[in-house]
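S.K.: Position one of the sequence shown corresponds to residue 338 (the numbering used here), numbered consecutively onward. Using N, Cα and C, we set each Cβ at its ideal position, and we do this for glycine too. Just so you know, these numbers come straight off a predicted model, no measurement behind them.
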Amino acid sequence: MSKERLATRSNCECGGRYSAANRHVHVRSQKHKRWLQ
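1. Less than 7 Å separating the beta-carbons of HIS363 and HIS369?
2. May I ask you to report which of helix, strand or coil DSSP gives ARG365?
3. Can you give me the Cβ contacts of ALA358 inside the same chain, cut-off strictly under 6 Å, excluding the 5 residues immediately before and after it?
Encoded structure:
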C-alpha cells in the first residue's frame, strides 16, 4: 500500500476513527469490542 492510503482516516460504525495502518489496533480496542456486543 502507498503511504497516502495508509495515512487515510476512516470512521468506524462504533464511533471511532482509525487509519488504514492501525485498523488492526482499532478492531481490538475496548471501544470497538463494547460496540460489537
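M.R.: Taking the definition as stated:
1. By one-based count along the sequence shown, residue 363 stands at place 26. By one-based count along the sequence shown, residue 369 stands at place 32. In contact: HIS363 and HIS369 (Cβ atoms closer than 7 Å).
2. Numbered from 1 along the sequence shown, position 28 holds the residue referred to as residue 365. ARG365: coil per DSSP, three-state reduction.
3. The sequence position of residue 358 within the sequence shown is 21, counting from 1. Excluding residues within five positions, the ones whose Cβ falls inside 6 Å are LEU343.
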